[in-house]
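One structure below.
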Amino acid sequence: MLRTAVPEDLPPLRDLARRANDAPYDLETVLEEKCFGAGVAGKPSARIFESEGAIRGVAVTCGRFLRLVAVDREHRRRGIGTALLRDSNAEVIGAEGGNYFTPGVADSDGGTMAFFRRRGYRETAATWNLHAEIEAGASPGDGGPLTRRSATLSPLRRGEGIDGALMDFVRREFGPVWAFEVSRARSAFWIEQAGFAVIEANNRGLGTFGPAGVAKGERGKGHGRALLLAALEELARLGHPRAIIPWTDAFEFYRKSCGAEPAHRFVTFTSP
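Whatever position you read off the sequence shown (first residue = 1), add 73 for this note's numbering.
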């Protein structure tokens, strides 16, 4: 039986996440955000498949994007995933800008890749998540201490509200999707009218960096690296030994700036 999930379903859904997640990150930690957190298109639809009084699978869509689908490993090959996918009417698998778990299907997950291919979806894009090892009090990339003494670099705590001038800057320079993400960030850093970086705008609790950007006329001045290192230091202070830098192909910038390396490649599937 298919039905719409409600917040009271979270405990059994978390149990399902432990038994069903094939992504390279901890779904249980961010499950409430993924199942019930708004996206750019508005409120998501979380649909669950039940049998014998237990939840066997879940699929979450927001607009035309399938945010996630997970089926209990012991109940696969019984049509549950197919039923959830058909019910979702999803046009795009992954790549939901604004509130994504992963930016596609990990290409190391051959079973899930084959599942979508068999159902007529085709590969249309690919991107990477990078990982950077970090530690409190250190500046990733050069081993020295990171200072925030520059008067131009201002940390903005999410609990204090993201500054309206920052939101206007992001919206003007980078568009509404990034502005939506920044509005949800745990912490933000910015150099006035030049650039910004935020942490944990998506997948809070996993140690994610971004989005981040520098205005075109301000590039090449070191702003991007300064903002990156400030943000990574904050992630380290929060207890994350590793930063996830998602959805990027800027390998050289991140490698030189903080020692980040490619960790997982993700493929976007689109319906024919």
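Cβ coordinates follow ideal geometry from the N, Cα and C atoms, glycine included.
Boundaries for Gly237: no beta strand (DSSP E) harbours it, while the alpha helix (DSSP H) harbouring it runs 237-247, taken from the DSSP string. Arg140 is a Cβ neighbour of Gly112, given a cutoff of 9 Å. Counting only runs that start and end inside the stretch 96-131, the alpha helix (DSSP H) elements of at least 4 residues fall at 100-109. Assigned with DSSP and collapsed to three states, Ile207 falls in coil, not helix or strand. Residue environment for Val79: exposed (fewer than 16 other C-beta atoms within 10 angstroms of its C-beta).
Comparing alpha-carbon positions, the option among Phe138, Arg137, Glu147, Leu158 lying closest to Val131 turns out to be Leu158. The Cβ-Cβ distance between Gly268 and Gly293 does not fall below 9 Å. Note on geometry: alpha-carbon atoms of Gly126 and Phe174 lie some 27 Å from one another. Here the C-alpha atom of Ala252 lies approximately 10 Å from the C-alpha atom of Ala258. Of all C-beta pairs linking the stretch 87-96 to the stretch 260-275, fewer than three are shorter than 8 Å, placing the two stretches out of contact. Taking the C-beta atoms as reference points, Gly177 is found nearer than 9 Å to Ala198. The beta carbon of Leu301 lies closer than 8 Å to those of Ala270, Phe282, Ala285, Tyr327, Ser330, Cys331 in the same chain, with the five residues before and after it left out. For Thr321 against Arg195, the beta-carbon gap comes to about 23 Å, at or over 8 Å, which does not count as contact. Taking the C-beta atoms as reference points, Glu164 is found nearer than 9 Å to Phe138.
Pairing Ile317 with Ala288, the inter-Cα distance amounts to about 23 Å.
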